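Mapping to the numbering used here: the sequence shown position 116 is 116, numbers consecutive. Built from N, CA and C at the ideal position, the CB exists for glycine as well. Here the structure is a predicted model, which is why all the values come from computation and not from measurement.
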Amino acid sequence: MSSVQSFSGLWAYWLIIALMMVGLYIVIARDNLIKKVMGLNIFQAAAILFYVTMAKVTGGTAPIVPHDPAHPGGHGEHEILYSNPLPHVLMLTAIVVGVATTALALALAVRIHGDYGTAEEDEAVIYDMEHA
1 MSSVQSFSGL
11 WAYWLIIALM
21 MVGLYIVIAR
31 DNLIKKVMGL
41 NIFQAAAILF
51 YVTMAKVTGG
61 TAPIVPHDPA
71 HPGGHGEHEI
81 LYSNPLPHVL
91 MLTAIVVGVA
101 TTALALALAV
111 RIHGDYGTAE
121 EDEAVIYDME
131 HA
């Protein structure tokens, strides 16, 4: 297998890595608190995409097993390939936690803007040093 085929077969993972790096760069390089929250959201979305992409089983079906003794799942000539639903369920929980974290971070950013008159981290630190 050539490197081009290897790269093209894993394009989703490369996209996720790029999204993670963009989110991390925004958090590190920006001073605006709102932009930092946006960077954290991009990073979180990339992590969720990673787990969902990793959990996808090609040709897999939902693990709904009928109550039938002759069911071929797990034995016999034609085994049925099941997908594990646990990573998808955990990512739903991660989405809820991410929304709550984002709401709290934005509320803190609004409060900081109200107290300091700016959403820039450097300006708030300078204000604290001058008025300490």
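Let me confirm a value: residue i is counted as buried when at least 16 other C-beta atoms fall within 10 Å, else exposed. Which label applies?
| i | result |
| --- | --- |
| G39 | buried |
| I142 | In this structure the chain extends from 1 to 132, so residue 142 is not present and cannot be described. |
| V99 | exposed |
| A46 | buried |
| I140 | For residue 140 there is no data in the structure shown, the boundaries of the chain being 1 and 132. |
| V125 | exposed |
| E120 | buried |
| G9 | exposed |
| V57 | exposed |
| L104 | exposed |
| V89 | exposed |
| V96 | exposed |
Given residue i, which residues of its chain have a CB within under 7 Å of its CB, disregarding the five upstream and five downstream residues?
| i | result |
| --- | --- |
| N84 | A55 |
| I42 | L19, V22, G23 and I26 |
| Q44 | G98 |
Which residues in the same chain have their Cβ closer than 8 Å to the Cβ of residue i, if we skip the five residues on either side of it in sequence?
| i | result |
| --- | --- |
| G60 | L81, Y82 and S83 |
| P63 | Y82, S83, N84 and P85 |
For the alpha helix (DSSP H) containing residue i, name the first residue and the last one.
| i | result |
| --- | --- |
| K36 | L33 to A55 |
| G98 | L86 to Y116 |
| A62 | Here A62 belongs to no alpha helix (DSSP H), and DSSP marks it neither H nor E. |
| A124 | E121 to E130 |
Compare the C-beta of residue i against all C-beta atoms of chain D and say whether one is closer than 7 Å.
| i | result |
| --- | --- |
| E79 | The structure shown contains no chain D, having only a single protein chain. |
On the premise that residue j lies in contact with residue i, defined as a C-beta separation below 8 Å, what is that separation, rounded to the nearest angstrom?
| i | j | result |
| --- | --- | --- |
| L49 | A109 | The Cβ separation is near 25 Å, so there is no contact. |
| Y13 | T53 | 7 Å |
| V37 | T102 | 6 Å |
Item to check | Whole runs of the alpha helix (DSSP H) within the stretch 11 to 35, excluding any shorter than 4 residues | outcome: 11 to 29
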